[in-house]
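Counted from 1, the sequence shown has number 369 at position 268 by the working numbering; the numbering is strictly sequential.
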Amino acid sequence: MKSAQGPHDTRRPPAPAARPATRPASVRAPARTPPRRRTGRLRLTRRASVALAAVLVVVVAAAATPALLGVFGASAAGATPTAGSRTTSAPTLPPTDAVTATPSPRPPTPDLPPQVTVMPHGYLAFAADAMYPPAYSVDASTLATRAAQADKPLAGITVILDPGHGGTDGGTVYPMTGDATIVEKTVALNVALRAKTLLEGLGAQVVTTRSDDSWVALYHRVAQVAQYVLGRHADFLATTGSRAWPDAAETMRLSSLVQICLDKNSDYLNGPGIGPFKGYGVTPDVRQIFDIERQHSDIVFVSLHCNSNASAQAQGVSVLYTSNNMIYHEERSTSGTPIYRFYDDAGRTRLAQDLFDAIVAKEPGLSNNGWMAPIFDQDLAVLREENLVGVLVEMGFVTNDRDRKVLLSDDGVDRIAQGVAAGLVQYFKGG
Ligand SMILES: [Zn+2]
């Protein structure tokens, strides 16, 4: 983040017409892209889908589909793939007592286009009744009971840690000229790796969007999230024999679209690197991905960044979330592509508050002096283009002497990571 106006690297412009021409294309979401044509190979009829699903369920169950699951990048050992990496490890499902297999009837006409509602200001939104019955559900009370225990309070939970920037994108630095004494990408990775160790000690499964100093596109990050969740979902469908829609074949078709992002690792405007995502609004395919992601409330997303400001007085941690209202506000000047509006606002704001409280409790040296709100709502690509409960943590200002001292110290990094872990435990405790 480079200014008080928000993280420059994770927010797309408010509207196409207002997009500053000087912003680098690599950090912007495309405003409008031509409709993507699906290939005939991927465009399955319902009958073909049903037939393929039957085959795939068997295949998935027997072999955990290494070719597909390889890109989901998680294993029981907590493998952390970096950009473009592949692993043959299959993801591990959370303990079954945290999961309820709900037999959901297949909707009568799954191939029909989802219903779209015309909202005030003329923008289009997917209607609530266009959503398919959830197949996967999490028993929050079971997780809360576990989180209240001292031993492995995060067992059954998956945390996706997203260290901001990387590689050629250092993020914000200090000082702005001359040799930098602090680089955002390094702090973000240090905290993520420390938090990973702590979280795994608490029983969580941890996935990171990068585990070294490599550049990862914003859409590569949300694609990693989507692939991971789709893999878990396909595994769940195969394990339980659920016939809910989207079924295994449809889940794999969605995965193949997302794979484009991973293969390209690019954020260029109108480039193929955004895969099925739109930047403004969502396609029916992405709506289905989001609908699947929202079912997996035992997976949370935490993006880690540092702040900066022209004033050295700005100090302290802030935690950002992205709400339905914010996206509506940002997108109401556009039309033509329906927006998604079923993000978990309550979950996101609660996670933001829990993380803020816990980080400041563990590291009072990052207390917020009011220059920036402790938690606030902003349209962020890494939270808009996915539908997990997720937040973005601005861990402190590299431009502030006090914050910088914490961010550069091993003890400071450790205490921030402890705060992240404690905040996540509190979040799953609830209340
Ligand atoms: Zn940043």
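Note that the Cβ used here is the ideal one computed from N, Cα and C, for glycine as well.
Counting only the same chain and skipping the five closest in sequence on each side, list residues whose C-beta sits under 8 Å from that of residue 323. Mapped onto the sequence shown, residue 323 falls at position 222. Excluding residues within five positions, the ones whose Cβ falls inside 8 Å are 362, 378, 482, 483, 486, 487.
Regarding residue 406 and ligand 3, is the C-beta to nearest heavy atom distance less than 6 Å? Absence of ligand 3 from the depicted structure is noted, with ligand 1 being the only ligands included.
Alpha helix (DSSP H) runs contained entirely in the region 315-401, provided each spans 4 or more residues: 319-341, 349-365, 385-396
Note down, in chain order, each residue of its chain lying with its Cβ closer than 6 Å to the Cβ of residue 420, except the 5 sequence neighbours on either side. Taking the first residue of the sequence shown as position 1, residue 420 is located at position 319. Hits under 6 Å: 453, 456, 457, 476, 492, 494.
So does the region 520-527 actually touch the region 457-468, counting three or more Cβ pairs closer than 8 Å? yes
Our contact map puts residue 417 next to residue 338 with C-beta atoms below 8 Å; I'd like the distance itself, whole angstroms only. Taking the sequence shown and counting its residues from 1, the one referred to as residue 417 is at position 316. Taking the sequence shown and counting its residues from 1, the one referred to as residue 338 is at position 237. Wrong, their Cβ atoms sit about 44 Å apart, outside the cutoff.
Cα separation between residue 275 and residue 281? As a working note, residue 275 is residue 174 in the sequence shown. As a working note, residue 281 is residue 180 in the sequence shown. Taking the straight line from one Cα to the other gives about 5 Å.
Apply the 10 Å Cβ neighbour rule to residue 293 and answer buried if 16 or more other Cβ atoms are within range, or exposed otherwise. Sequence index remark: in the sequence shown, residue 293 carries index 192 (1-based). When all chains shown are included, residue 293 counts as buried.
Quick check on the DSSP output: the beta strand (DSSP E) that includes residue 533 runs from which residue to which? There is no way to answer for residue 533, as the model of the chain reaches only from 102 to 532.
How many whole angstroms separate the CB atoms of residue 263 and residue 405, which I take to be in contact at a CB cut-off of 8 Å? For the purposes of this step, residue 263 is identified with residue 162 of the sequence shown, where counting begins at 1. For the purposes of this step, residue 405 is identified with residue 304 of the sequence shown, where counting begins at 1. That belief holds up - the Cβ atoms of residue 263 and residue 405 are roughly 7 Å apart, short of 8 Å.
Whole angstroms are fine: how far does the CA of residue 224 sit from the CA of residue 514? Within the sequence shown, numbered from 1, the residue matching residue 514 stands at position 413. Within the sequence shown, numbered from 1, the residue matching residue 224 stands at position 123. When rounded, the distance between both Cα atoms is 44 Å.
Quick one: what's residue 267 bridged to in DSSP? Against the sequence shown, residue 267 aligns to sequence position 166. DSSP lists 270 as partners of residue 267.
What number of angstroms, rounded off, separates the C-alpha of residue 478 from the C-alpha of residue 447? Residue numbering aside, residue 478 sits at position 377 when the sequence shown is read from its first letter. Residue numbering aside, residue 447 sits at position 346 when the sequence shown is read from its first letter. Those two C-alpha atoms are separated by around 12 Å.
Cα separation between residue 517 and residue 307? Locating residue 517 in the sequence shown gives position 416, where the first residue counts as 1. Locating residue 307 in the sequence shown gives position 206, where the first residue counts as 1. Taking the straight line joining both Cα atoms gives about 17 Å.
Since residue 395 contacts residue 443 with CB under 8 Å, what's their CB separation in whole angstroms? Taking the first residue of the sequence shown as position 1, residue 395 is located at position 294. Taking the first residue of the sequence shown as position 1, residue 443 is located at position 342. About 6 Å; that satisfies the 8 Å criterion.
Which one of 354, 346, 309 has the shortest CA to CA distance from residue 400? Taking the sequence shown and counting its residues from 1, the one referred to as residue 400 is at position 299. For the residues 354, 346, 309, the minimum Cα distance to residue 400 belongs to 309.
Excluding the 5 residues flanking residue 445 on each side, which residues of the same chain have their C-beta closer than 7 Å to its C-beta? As a working note, residue 445 is residue 344 in the sequence shown. Cβ neighbours of residue 445 beyond the five flanking positions: 395, 490.
Where does residue 306 fall in DSSP's three states? Position 205 of the sequence shown, counted from the first residue, corresponds to residue 306. In the structure shown, residue 306 sits in a strand (DSSP, three-state: E or B).
Please state whether the Cβ-Cβ distance between residue 529 and residue 303 is less than 7 Å. Residue numbering aside, residue 529 sits at position 428 when the sequence shown is read from its first letter. Residue numbering aside, residue 303 sits at position 202 when the sequence shown is read from its first letter. No.
Between which two residues does the alpha helix (DSSP H) holding residue 514 run? The residue labelled residue 514 in the question sits at position 413 within the sequence shown. Counting along the chain, the alpha helix (DSSP H) containing residue 514 begins and ends at 511-530.
Assigned exposure category for residue 174 - 16 Cβ within 10 Å defines buried: Translated into positions along the sequence shown, residue 174 becomes position 73. For residue 174, the pLDDT reaches just 30, beneath the cut-off of 50, and the residue's location in the model is therefore unreliable, leaving the point undetermined.
What do you reckon, is the C-beta of residue 491 under 6 Å from a heavy atom of ligand 1? For this step, residue 491 is matched to residue 390 along the sequence shown. For ligand 1, not one heavy atom lies less than 6 Å from the Cβ of residue 491.
Do residue 331 and residue 50 count as a contact pair if the criterion is CB distance below 7 Å? Outside the modelled stretch of the chain, which goes from 102 to 532, sits residue 50, for which no answer is possible.
Nearest to residue 471 (by Cα), restricted to the options 451, 343, 449, 498: Sequence index remark: in the sequence shown, residue 471 carries index 370 (1-based). Out of 451, 343, 449, 498, 498 has the C-alpha closest to the C-alpha of residue 471.
Give the DSSP-derived three-state secondary structure of residue 458 in the structure shown. Within the sequence shown, numbered from 1, the residue matching residue 458 stands at position 357. Three-state result, residue 458: helix.
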